[in-house]
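Take a look at the structure set out below.
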Amino acid sequence: GAGVSQSPRYKVAKRGQDVALRCDPISGHVSLFWYQQALGQGPEFLTYFQNEAQLDKSGLPSDRFFAERPEGSVSTLKIQRTQQEDSAVYLCASSLAEGYDEQFFGPGTRLTVL
Amino acid sequence: AQSVTQLGSHVSVSEGALVLLRCNYSSSVPPYLFWYVQYPNQGLQLLLKYTSAATLVKGINGFEAEFKKSETSFHLTKPSAHMSDAAEYFCAVNTNAGKSTFGDGTTLTVKP
Numbered sequence: 495g496a497g498v499s500q501s502p503r504y505k506v507a508k509r510g511q512d513v514a515l516r517c518d519p520i521s522g523h524v525s526l527f528w529y530q531q532a533l534g535q536g537p538e539f540l541t542y543f544q545n546e547a548q549l550d551k552s553g554l555p556s557d558r559f560f561a562e563r564p565e566g567s568v569s570t571l572k573i574q575r576t577q578q579e580d581s582a583v584y585l586c587a588s589s590l591a592e593g594y595d596e597q598f599f600g601p602g603t604r605l606t607v608l
Numbered sequence: 003a004q005s006v007t008q009l010g011s012h013v014s015v016s017e018g019a020l021v022l023l024r025c026n027y028s029s030s031v032p033p034y035l036f037w038y039v040q041y042p043n044q045g046l047q048l049l050l051k052y053t054s055a056a057t058l059v060k061g062i063n064g065f066e067a068e069f070k071k072s073e074t075s076f077h078l079t080k081p082s083a084h085m086s087d088a089a090e091y092f093c094a095v096n097t098n099a100g101k102s103t104f105g106d107g108t109t110l111t112v113k114p
């Protein structure tokens with residue numbers, strides 16, 4: 495399909511484990527965003543890439559969270575030493591141009607930390 | 003700083019009735035405003051967006067929203083609800099390219 499895809503769709507981790515969440519944006523989209531959505535809440539901004547450059551990472555909750563987009567396409571969000579409070583749905587979105595443009599969202603990865 | 007408040011976490015209407023979902027924003031600069039819909043286990047889908055052109059914005063599925071600067075509001079409406087409109091709706095504001103701030107969402111229930 496031509497939409498944003500994310501993998502895995504579901505991830506269960508034991509507390510202390512490292513996890514890696516993948517996002518495949520729409521081909522040709524310059525901007526890529528990561529959001530964290532807790533149960534019953536709206537998405538919270540984590541970080542933003544324009545091509546391979548990470549322009550804003552002010553939303554990353556701690557230094558255990560790290561995101562990269564080395565070739566300006568696929569992105570990975572890594573969470574080290576997961577904690578129970580990291581349990582949430584992680585949404586990826588991409589847009590054709592700069593951040594004011596419409597964002598196309600993937601289905602999300604539901605992370606459960608036991 | 004930017005923020006969004008959605009009044010009413012749950013709204014219930016009868017099929018065929020008017021839908022009104024409320025959104026108020028706070029922004030120190032002219033905002034870009036968005037409404038998204040989210041169906042269970044799916045990502046968010048854009049319904050409509052305001053980008054400082056016309057204040058009345060028409061979107062998909064018969065939804066529209068009016069930007070009112072004096073009231074700092076961007077309420078979402080639809081004249082006649084359909085069962086398929088049942089979903090969660092999010093209002094978002096963007097004044098800093100890339101950094102959208104979302105409200106907590108409103109769950110719309112449509113009764114037959």
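Protein sequences appear in the order of chains A and B.
The numbering of the first sequence is my numbering, which starts it at 495 and goes up by one.
The numbering of the second sequence is my numbering, which starts it at 3 and goes up by one.
Quick reminder that beta carbons are idealized off the backbone N, C-alpha and C, glycines included.
What you are looking at is a predicted structure, and each value in this text was computed from that prediction instead of being measured.
Cβ of residue i less than 8 Å from any chain A Cβ?
i: Leu92 (chain B); result: Position check: residue 92 (chain B) holds Phe in this sequence, whereas Leu was assumed. True, the Cβ-Cβ gap to chain A drops below 8 Å.
i: Leu78 (chain B); result: no
i: Gly18 (chain B); result: no
i: Lys51 (chain B); result: yes
So what's residue i in DSSP terms, helix, strand or just coil?
i: Asn63 (chain B); result: helix
i: Glu562 (chain A); result: strand
i: Gln574 (chain A); result: coil
i: Asp106 (chain B); result: coil
i: Asp580 (chain A); result: helix
i: Ser86 (chain B); result: helix
i: Lys508 (chain A); result: coil
i: Gln4 (chain B); result: strand
i: Thr97 (chain B); result: coil
i: Ser30 (chain B); result: coil
i: Val15 (chain B); result: strand
i: Thr53 (chain B); result: coil
i: His77 (chain B); result: strand
i: Leu608 (chain A); result: coil
i: Asp518 (chain A); result: strand
i: Ala471 (chain A); result: Nothing can be reported for residue 471 (chain A): it is not among the residues displayed for chain A, which extend from 495 to 608.
i: Gln436 (chain A); result: Only positions 495 to 608 of chain A appear in this structure, which leaves residue 436 (chain A) out of reach.
Within 8 Å (strictly less), CB to CB, does residue i reach chain B?
i: Glu546 (chain A); result: no
i: Asp557 (chain A); result: no
i: Phe539 (chain A); result: yes
i: Phe599 (chain A); result: yes
Practice item. Could I get the ranges of all uninterrupted beta strand (DSSP E) runs contained in the stretch 525 to 553 of chain A, with 3 residues as the minimum, in chain order? Key: 525 to 531, 538 to 544, 547 to 550
Point to revise | Short-range partners of chain B found in the stretch 562 to 589 of chain A, where Cβ spacing is below 7 Å | key: Leu585
Exercise for review: Spell out a yes or no on whether the stretch 501 to 508 of chain A and the stretch 543 to 560 of chain A are touching, meaning 3 or more CB-CB pairs, one atom from each, closer than 8 Å.
Suggested key: no
Review point. Mind listing which residues of the stretch 35 to 49 of chain B have their C-beta closer than 9 Å to chain A's C-betas, in chain order?
Key: From the stretch 35 to 49 of chain B, only Phe36, Tyr38, Gln40, Asn43, Gln44, Gly45, Leu46, Gln47, Leu48 have a Cβ closer than 9 Å to chain A.
Review point. In the stretch 501 to 531 of chain A, which residues sit with their C-beta less than 9 Å from some C-beta in chain B, listed in chain order?
Key: Contact annotation: in the stretch 501 to 531 of chain A, residues whose CB is within less than 9 Å of a CB in chain B are Arg503, Ser525, Phe527, Tyr529, Gln531.
Review point. Counting Cβ pairs, one atom from each stretch, are 3 or more of them under 8 Å apart for the stretch 599 to 608 of chain A and the stretch 91 to 98 of chain B?
Key: no
Review point. If we count Cβ pairs, one from each stretch, closer than 8 Å, do we get three or more for the stretch 30 to 45 of chain B versus the stretch 64 to 81 of chain B?
Key: yes
**Study point:** Touching by the beta-carbon criterion (3+ pairs, under 8 Å), the stretch 40 to 53 of chain B and the stretch 10 to 22 of chain B
**Key:** no
Point to revise | Contact the stretch 522 to 541 of chain A vs the stretch 582 to 594 of chain A: 3+ CB pairs below 8 Å | key: Touching, per the Cβ criterion.
Review point. For the stretch 22 to 31 of chain B against the stretch 5 to 13 of chain B, are there 3 or more C-beta pairs whose distance is under 8 Å?
Key: yes
Point to revise | Segment contact, 8 Å Cβ cut-off, at least three pairs: the stretch 505 to 524 of chain A with the stretch 561 to 576 of chain A | key: yes
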